Structure formats: structure tokens, C-alpha cells
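Q:
In this note's numbering, the protein residues as written are -12 to 50.
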């Protein structure tokens, strides 16, 4: 069973329909972070902020 996290879960005010997926938390983060950089112009610094990482772990769901 894999993991998933909808972009809109991280930004409820946003309307992004993207859903990141991965078999592990590391795979999910790689997918999510690649999307966040390409589409939302996030930087590595923003994505690796401890608060962001904690929020990702808190919101991840089983797929």
C-alpha cells in the first residue's frame, strides 16, 4: 500500500488538484517536492524547513 498527499491539503486556499504519491515517505516527498518546485516555485530551503517537513508527515495518507 502506498502513500498520498494532495497539494491542496498543504494549501487549503489553493486549488491545485495535484496528488503526490509514493510507496515510502521519501518517494512521496520526492514527488511532492518536484511538483512544488516546478509548479509553485518553491525553493529547497522552503521545502526542507522543519515546519514544512512536519506538516507533510502529518498530512500524508495511505493510498
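We treat Cβ as the ideally placed atom computed from N, Cα and C, and that holds for glycine.
Just so it is clear, the structure is predicted and the values come from calculations on it, not from any experiment.
#1: Per DSSP, what kind of secondary structure is residue 47 in: helix, strand or coil?
#2: If we call anything under 7 Å between Cβ atoms a contact, is residue 6 one with residue -9?
#3: Going straight from the alpha carbon of residue 21 to that of residue 34, what length do you get?
#4: Measuring straight from C-alpha to C-alpha, what distance separates residue 9 and residue -6?
#5: Please list the terminal residues of the continuous alpha helix (DSSP H) segment that includes residue 23.
A: With the given structure in hand:
#1: Three-state result, residue 47: coil.
#2: yes
#3: Cα to Cα, residue 21 sits roughly 10 Å from residue 34.
#4: 14 Å
#5: Counting along the chain, the alpha helix (DSSP H) containing residue 23 begins and ends at 12 to 27.
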